[in-house]
Each structure stands twice: as structure tokens, then as C-alpha cells.
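Protein chains in written order, with the numbering used here: chain S, 36 to 442; chain X, 36 to 442.
Where is the CB? At the ideal position from N, CA and C, for every residue including glycine.
Being a predicted model, the structure only gives us computed values, none of them experimental.
Notes for the one structure printed next.
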């Protein structure tokens, strides 16, 4: 992957902007806008929560055409469980952005993240939109990335270039995470902080190829991270492809699609890891690699189950090498797990084989568990498949922070 | 339900004992024994974790006959993920108890709870067994209940009487809980603290009727509580029915079975609530009632999902009435949830209807969220079924406690 600068404004034809309008009490940015100077092939994956914000419902309708040209997003308020008024607010935002950009409302996608159940300060947003549009710039990606942050500390922005045929194609993305992160996103389906990721590319790509690229790249990145096992109502990844690179069009089941997916996957994985490193209250970054599972589905289920265990995450917080909790969490997954075949490594130390513990040097294990970056490998020994999930510890700070989120 | 005294030793023909042998470092009891003076009809439900302690595997074998006469249990060590040596230890304990009780090893059931992956101090246990048997008494139930406690603060012991035909039949039970509590137990299946519950009854009951009674009673009690969403490797509920009440034998699909199940269910629910009230670090007791679900399965799934939400549980800890997290957790369940039809009450205050919030008096809601006992009702509005789950808050104390469990 060849990294480049400029985030979502690095692909040709894209501009971005971000600003503060007052949805958030603090002076941090709370609005983001991404715009392509020409219509795009567009696709999205969305939360599979049955309680969905108006933005999720509206985007699905807008994406039926497979076409879009801009993404408007706010942080500080998820505009979810806000009844019909919430839907009207989303539509007013879309109308205003479309009017200012001089495009059809149908070509606008919308996103939101923040508290659930509170009406948006709609006048503040509508009043700010002309300035937001005015500020669109080839250098606006970082400001847009700031505009979607909630409890994030770090701006999440990446971009890379890959060759399709003899033409360079650029992909840029911004994202946010931090809490209520346990995404299970699907192409046309239904699931709250919320994971948002907006992708731009100047690649020329056929509609079905774009959808399958997005779906594949999400599966082994965002859908394999967990911060608190709570699935959001607003999770979405949106991609806009405007074709400005003038490459030979990427078709389904092609070598070029494989290259595009590889670059997209690498960008998503980088963003997914940034989210976990920036998770609410987290003091550790933990990689759970599952090997030799019966199927890819099993590998993913076991990796996500171990990564989700509150007890393991408390042990990680306390640097208490309680590996029994790894074994128990693996066994609770809906997958083929045979304790007699399972091997568990923590760092480079084998801790479990033949159905029992094999640790000789507890001090070495203590040292590994005290690190800020911990890698756990669960070798199921029953098949050919693997998957890696990413998680963090569960800290007293996480509990304190989330016990006073709304008030 | 007519409550009676004596716990597991209240049914005719049963004795119990408990003592300290040294599995636990503290001087608290760590061994428990229950014995019937005659062979019993026996049944058990076990964790559905694929990583199972030797005691779970052995009991399933012993219960194939449907017959047993005694239950031996230790706390302080789960004897799980202890390899073949762990199995040998379980069998040595069974052999020694059988020898002292002068019954067949096949008639002994065994249980354990505590840390995973550590070999039992087997000599201490074997040496103590003669005294444990010696101390069997009609007044030994509370000592036995103490013997299975780990992080529990409260002894969990109940007993009741019901009339079968014209004869009184007694049912007694002891249990423990406190952490790693998210049971999904099934009759002959596979799932870690661990939930243990031992039931005795002097009812005469046919084998299949006993199994179906146990299965039914567990579904709407133990299987609907959650403390930390971590499923144990050692969960089990065992029941011994010795027929000493000389009632007309309870048959499958009979009115008498319904009466027996009603009493058993009431006892299990009382114990399940005791477990949640005594949960690690818990400061609140929370009831999640789901009404008007499409099916009983849906009602249970939504109730468990809301009860399991880390974010909601943090909000409960902080008395922060963040009802959006209730809606999001309901929507993430694998069930028919329509946000436009869902109504949510917290205490007696309607907070959600028509897809949005309806709270007028936030101070009243704050007061209800500050209580020690909170009832949340999620009315799905799509069908006839209901279920109630029980949970606690997620406290900084829970995290602190479980970050230094092993060391």
C-alpha cells in the first residue's frame, strides 16, 4: 500500500470541509461535508441494529440508485429515536446541502453520531451549511474528520494509491469510533458511539464491484473490532467513487478488483486499529488471532467472542494473566472449539495445550500481560481458517466515563 | 409457594455438610456434600460452553442412567482446563466419596467453581472427605451452601413445599453466583464464576418428567440472568429426587408436574434474583421486562440483550437515565423489534413511544434511575409473548475486582 496525504480530498475531484456549529457544547468541530465535483458510484454498509437512526434509513433509500455526490455528517447527536421529527430534520439538512451544492437531494448521503433520543438543534445546523459549503477545499479532510469525532482523541484519516491498469487510483477515508463499538454492518441491513467511515476514491468502478469491495473490506476490519460489545444504531461506512482517475473500469471478479479490495482493506484495517487504540478508557491494545478454525465464520466468531469478554478485558486492565478467561470465552462462541485441540499463546508464550495450562515461567507471562500491546493467539487445531479481532481492556475509566455520558 | 426451612436437607432422606479443607486460602468453607439415604432419580443441565470442566463431562456420563445419590462440590478452583490430570482428580474425589458413603462411584455427581487452569490441591480434598461425610446432617444445608460460595457475600438457600395428590412434597436448593454469570444451560449440552445450583426433593417423579421440569424451570430463571455476559465452563444445576414423600408418582404432561414445575420455578427465580443482588461489584438490581414480543424466544432475546448492555449498565451505575442505550440494546437482539411500535417505561414513566422520546419530567426520571431497584419495561408491540431478565449495573468496583482475580 502506497500511503498518500490528503485524506478524503486526496482522490481527484473531491473536496471536504468541517466546522463548529453548536451541536456540541464544546468548541470542537461538529459538522463535516465531503463533495465530489461530479456524480459518483456509491455504496454503503449499515448497522444491523433494528433500531436505526433516520440517516441510516434515508441513505438506504438514496443508495438504491447506486449514485451519490456528497456526504453531510454531524457529531454530538445521533438523531436516533427522535420520531418523525428526527426524519424531518434529516431531510431539511439534505435539502439545504443539496440547494447550496446545486445538486439533487437524492445525491446527498447523511450521517450522525452522538447521544440517542435528543432532537437536533436544527437551526444551528441549517444556518451553518452555507459556510460549510463555502469552505469546501482540497485541504479540508482533517477538518471534516474532526467534525465527526465524539469521544475520539485522535483524528482518523488515511489515504493510499494503487495502480489499476496503467493509471494511479487514489482512495481516501476518514473515520471515528471510541465507544458503542461492536459493529456488524451489512450491505442492506440493519445495528450505536457509532462507527462512521467515509471513503472517497477517484477510481472508475462498476456498481456491483464497488458493493462487493466494500462488503469484503468491512468484514475483516471494522466488523472484527469491539470496544464494548454494544452495537450502535448509526454505524455506517459510505463510499463515493467518481471515476476521475480515468482508469479502465474495475469490473466484478477481476484482478483489478482484487487490487482495489486489497488497498481498501488495508485502509480499513488501519482505521479499525486506530479506533481501538483510541477507545474510551482503553489503556491497552489487544490483538486476538484465531488460527486453524474449521471455517472463516468460526474463526471470526471465536476471535470476536474472546475480544468481547468483559472478564478477560478486566484482567487485561489489571495485567492479571488469567488465561482461563481466554479459553472460556473461546468455548462460548458458536463455533467448533475442542479444548483438547486448542492451543493458546500469549505473546510468544504457549499457555494452553492438551486441555490444560503449560506455563512454566509465570513472571515472563506477567511481563507480557503488563505490556501496552498484547497479542493472543488461539489455535483451534480443527481446520484451515483464521481471523484476527482487535479489542482493548475494560478500565475503571471506561465505566466512570460512560456512567455520566448524557448528563 | 409455601416456604420451609432446611434448604437441601429439608426434603425427607437428605443430609448435607460443608467444611474448609484448604482449596481456598481464606478460612471460608470450600467443600460441600449432599447425600440421599436412598438412590434418586437425577437430572442436570449444564453450560453450553464448548470448554467444559471435567465435572461437567463426568456428570453427563453419570446421568445417562438417570440415577444418582450424592453431590460433592468444591469452591476456589474450577478444575477446568487442567488436562487429563484434572479428570483424574475429579475421579479420585468421586471414588473417595463413594467409598466413604458406601455407594457406587456412578451414583456420585461432582461440581467445582473458581479459577480456571489450576490443578486442585487434591490431597487436601481427599484427606477432608471422611470428615465431610461424618458431618452429614439434617442441619447441614447452610454449611454446604457456604462451601460452594466464591465471590458471593450471601448464602443462597431456599426450600418450599407443595402438595402432590394428598401428600406434601418438599424441594430444597442451594446455589452460588457472583461473576462470570451469563448462563445458557441445556439438558445435555455444553457453556464459566459459575452458576451452581443443587436441588433436592423427596418427590417421587418419573425420569422424563424430572428432566422436563428442570429444563422448564431453568429457562425462565437462571438462563435469564446476566452479570457480566461471560459464560462459564462450569455452570450446572443438578436435581436429586428420592421419592421419600411417597406421593403418587409425578408423570409427564400431568397436572401434578405443572404444580411441581411451578414450585421449582419459584425457587429458581428466588435464587436467580439472590445471585444478581449479590453480583460482583453490583450497586443496583435491575429488572428488564419485555412484553408483547412476537415469540417467547424473541422476548427472551431482547430481555437478555438489554440486560447485557455494558453501556446501559454503566449508565445505571452512574444513575444517568440514558434510555437511548435501552433502545439500542433492544434493537441489537436477534428478534423482531420495530422502533415505531416499541414503548419503553423506566419505573412508571413512559420514556419512548412512536419512535422517539416522550419524557417531560427529567427530574422524576433522574430520581427513578437513582434507586437501588430499577424496573425497565420494553413493550415491543408486535405479539403476545413476554419474558423478564435480571441484571445489575457495571461498576468501577467490578472492574477493579476482576482486574486482580487470579493474582
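query	result
Output, in chain order, the set of chain S residues within a Cβ distance shorter than 7 Å of residue 86/X.	362, 363, 365, 366, 372 and 374
Given this structure, state the Cα-to-Cα distance separating residue 345/X from residue 284/S, to the nearest angstrom.	45 Å
What are the start and end residues of each continuous alpha helix (DSSP H) run of 4 or more residues lying completely inside the segment 245 to 315 of chain S, in chain order?	290 to 312
Mind pulling the chain S residues with CB within less than 8 Å of residue 352/X?	434 and 438
Over the uninterrupted beta strand (DSSP E) stretch that includes residue 234/X, give me the two end residues.	231 to 236
May I have the straight-line CA-CA distance separating residue 342/X from residue 316/S, to the nearest angstrom?	22 Å
Residues of chain C with a CB under 8 Å from the CB of residue 389/S: which are they?	The displayed structure is made up of protein chains S and X, and chain C is not among them.
Run through DSSP, which three-state label would residue 399/S get?	helix
Between the segment 290 to 304 of chain X and chain S, which residues of the former have CB atoms less than 9 Å from a CB of the latter, in chain order?	none
By the three-class DSSP mapping on this structure, what secondary structure does residue 194/S have?	strand
Just mark residue 227/X as buried or exposed, buried being the case when its beta carbon has 16 or more other beta carbons within 10 Å.	Confidence at residue 227/X is low in this model, with a pLDDT of 35, below 50, so the placement of that residue is unreliable and no value is reported for it.
With C-beta atoms as the reference, is residue 155/S less than 8 Å away from residue 124/S?	yes
Could you check which residue in 175/X, 131/X and 141/X has the C-alpha nearest to that of residue 163/X?	131/X
Around the C-beta of residue 198/S, are 16 or more other C-beta atoms found within 10 angstroms, so that it is buried, or is it exposed?	exposed
Between 431/S, 171/S, 273/S and 209/S, which has its C-alpha nearest residue 135/S's C-alpha?	171/S
Find the residues of chain X that neighbour residue 240/S, judging by a C-beta separation of less than 7 Å, and give them in chain order.	Correct list: empty, because the minimum Cβ distance to chain X is about 32 Å.
Pick out whichever of 110/X, 217/X, 230/X and 42/X has its Cα sitting closest to the Cα of residue 65/X.	110/X
Counting only Cβ pairs nearer than 7 Å, list the residues of chain X close to residue 150/S.	359
Residues of chain S with CB under 7 Å from residue 268/X, in chain order?	363 and 366
How is residue 205/X classed by DSSP in three states: helix, strand or coil?	strand
Grab me the residues of residue 224/X's own chain with a C-beta within less than 7 Å of its C-beta, minus the 5 sequence neighbours each way, in chain order.	At residue 224/X, the pLDDT of 37 sits below 50, so the modelled position is not reliable and the matter cannot be decided from this model.
Determine, using beta-carbon pairs with one atom in the segment 272 to 284 of chain S and one in the segment 400 to 413 of chain S, whether at least three such pairs fall under 8 Å.	no
From 142/S, 410/S, 378/S and 362/S, pick the residue whose C-alpha is nearest to that of residue 115/X; which is it?	362/S
Between which two residues does the beta strand (DSSP E) holding residue 186/X run?	No beta strand (DSSP E) contains residue 186/X, which DSSP labels as neither H nor E.
Suppose you measure from the CA of residue 203/X to the CA of residue 39/X; what does that come to, to the nearest Å?	12 Å
Under the three-state reduction of DSSP, which class applies to residue 50/X: helix, strand or coil?	strand
Can you tell me whether residue 76/X is helix, strand or coil according to DSSP?	strand
Our contact map puts residue 77/S next to residue 103/S with C-beta atoms below 8 Å; I'd like the distance itself, whole angstroms only.	4 Å
Restricting to Cα atoms, I'd like to know which of 351/S, 415/S and 360/S is closest to residue 375/S.	415/S
Leaving out five residues before and five after residue 320/S in sequence, what residues of the same chain have Cβ atoms less than 8 Å from its Cβ?	308, 311, 312, 407, 408, 409, 425 and 427
Let me make sure I understand the geometry here. Which of 120/X, 300/X and 161/X has the alpha-carbon closest to that of residue 129/X?	161/X
Report the option in 133/S, 153/S and 53/S whose CA atom is closest to the CA atom of residue 120/S.	153/S
Is it right to say residue 274/X is buried, meaning 16 or more other beta carbons lie within 10 angstroms of its own, or is it exposed?	buried
Quick one, are the C-beta atoms of residue 271/X and residue 42/X less than 8 Å apart?	no
Identify which residue in 184/S, 331/S and 412/S has its Cα closest to the Cα of residue 450/S.	The displayed coordinates of chain S run from 36 to 442. Any statement about residue 450/S would go beyond what the structure contains.
Thinking C-beta only, is residue 387/X closer than 8 Å to residue 337/X?	no
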